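Student: Before anything else, here's the structure in question.
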Amino acid sequence: MGLDANDPRRIQSVELLAKENPNVDPSGAGGDWFVGMENAGYKRRFVPYNGGFGSTQLSWLTEELADAGQCKQRVIVLSHVIVHPKACGGGTMAWDYEEALQILYDHNSQREDDEDGGGVVAVMCGHDHSGNYHCDEYNIHHITYCSPLNKGEDGNAYGLVHVSDTQLEIRGVVMDDLIPDVEDRPDVVKRDGDDVSNGVCEGIVLPFGKEGKRLEVVMKKMGIQDGEEEDVKEEEKKESEVLIGEQEVLVEE
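Here it is in structure tokens:
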């Protein structure tokens, strides 16, 4: 929406908003945007401050992912606006988030037999000040970081991302200030300082690929901390199924 009034992309955006949310003024700015939208579900995203990626950027994303696939590279996508509705409250996604997600899923579907856990492994966003976390059915970690405005100088909404061949780890002074303690978020682990993280901090570990996601579920259900994965793997050699409470987790041999 931050384009010149006569820009075809802005005109298209205004027309889209008029169709999906008649509360928005024809100018594309004014109006009482949320009247009658309380039960509109994901259509609540059709307000000016969200915006969309558009065909040009989505075509670029498709091409970049194709190149990454040829090179067998893992990909971390960075976007200000949120790509998955479960990585926010369901109202701050990009207008065309479904098209963007489909591009990610198509790419990962083509690589689902890869043993290296390649493809898109994470999407990191901002925009929704409350933050959130969700891991979808394609084992993509959707991370929405909290806004520093939430707590101002009293908060710690900053951190570092450590990336390895098998996982990424997000570290911060106070993890809840950086990524909220939502249901799907992995358990926080304490970290001593190293040459990157100066001083004691907190971290969450996000493993790559199907094996990583399955191991994360097993560890969380068993109350196993990061660094004790070998104990789980050794146990898996003995059993093809692990019974945890009332939930059965299937484990590949």
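Numbering follows my numbering, in which position 31 of the sequence shown is assigned residue number 137; successive positions increment by one, without gaps. Note that CB positions come from ideal geometry on N, CA and C, so glycine has one too. Nothing here was measured: the structure is a model prediction, and the numbers come from that model.
#1: Beta-carbon within less than 8 Å of H235's beta-carbon, same chain only, minus the 5 sequence neighbours each way: which residues are those?
#2: Cα separation between G315 and D298?
#3: With a CB to CB cut of under 6 Å and the five nearest residues on each side skipped, what residues in its chain are close to Y158?
#4: Following the continuous alpha helix (DSSP H) through N156, name the residue where it begins and the one where it ends.
#5: So what does DSSP say about A193, is it helix, strand or coil?
#6: Which stretch, first to last residue, makes up the beta strand (DSSP E) that contains V227?
#7: Where does the unbroken beta strand (DSSP E) through V413 begin, and where does it stop?
#8: Grab me the residues of S185's own chain with a C-beta within less than 6 Å of its C-beta, minus the 5 sequence neighbours each way, in chain order.
#9: Quick one: any contact between the region 114-133 and the region 145-156, if contact means 3 or more CB pairs under 8 Å?
#10: Please list, in chain order, all residues of the same chain as D282 whose beta carbon is under 7 Å from its beta carbon, the five residues on each side excluded.
#11: If you reduce the DSSP assignment to three classes, tell me which class P114 lands in.
#12: Note the first and the last residue of the continuous alpha helix (DSSP H) segment covering L207.
#13: Put K296 into one of helix, strand or coil per three-state DSSP.
#14: Closest by CA to D271, which one among G108, V181, L122 and T198?
#15: With H, G and I counted as helix, E and B as strand and the rest as coil, what does DSSP make of L122?
#16: Please report the residue range of the alpha helix (DSSP H) in which L284 lies.
#17: Taking the alpha-carbon positions, what's the V311 to R115 distance?
#18: By how many angstroms is the C-alpha of V280 removed from the C-alpha of V306?
#19: Run through the region 159-185 for me and flag every whole alpha helix (DSSP H) of 4 or more residues, listed as ranges in chain order.
#20: Quick check on P128: does DSSP put it in helix, strand or coil?
#21: Any heavy atom of the ligand MN within a distance shorter than 7 Å of the CB on D202?
#22: Mapping DSSP to helix, strand and coil, what is G258?
Tutor: Put simply:
#1: Cβ neighbours of H235 beyond the five flanking positions: C252, S253, L255 and N256.
#2: Their Cα atoms are separated by approximately 27 Å.
#3: Here the sequence assigns Gly to residue 158, which means Tyr is not the residue at that position. Result list for G158: A200, W201 and D202, in chain order.
#4: Where N156 is concerned, there is no enclosing alpha helix (DSSP H), given that its DSSP letter is neither H nor E.
#5: Here A193 sits in helix by DSSP.
#6: Run containing V227: G225 to C231, per the beta strand (DSSP E) assignment.
#7: Summary: the structure shown does not reach residue 413, with the chain confined to residues 107 through 359, and so no result is reported for it.
#8: Around S185: C231.
#9: Between the region 114-133 and the region 145-156, the count of C-beta pairs closer than 8 Å reaches three or more; the two stretches touch.
#10: Residues of the same chain with a CB within less than 7 Å of the CB of D282, apart from the 5 flanking positions on each side, do not exist.
#11: P114 sits in a helix when the DSSP states are folded into three classes.
#12: Counting along the chain, the alpha helix (DSSP H) containing L207 begins and ends at Y203 to S215.
#13: The answer is strand: DSSP assigns K296 an E or B state.
#14: For D271, the closest alpha carbon among the candidates G108, V181, L122 and T198 is that of V181.
#15: When secondary structure is reduced to three states using DSSP, L122 falls in the helix class.
#16: Unbroken alpha helix (DSSP H) run through L284: M281 to L284.
#17: Each residue's CA atom was taken as its position, placing V311 and R115 some 40 Å apart.
#18: CA-CA distance, V306 to V280, rounds to 10 Å.
#19: Counting only runs of 4 or more, we get 160-176.
#20: It is coil, neither helix nor strand.
#21: The ligand MN is absent from the structure shown, which contains no ligand whatsoever.
#22: In the three-state DSSP reduction, G258 falls in the helix class (H, G or I).
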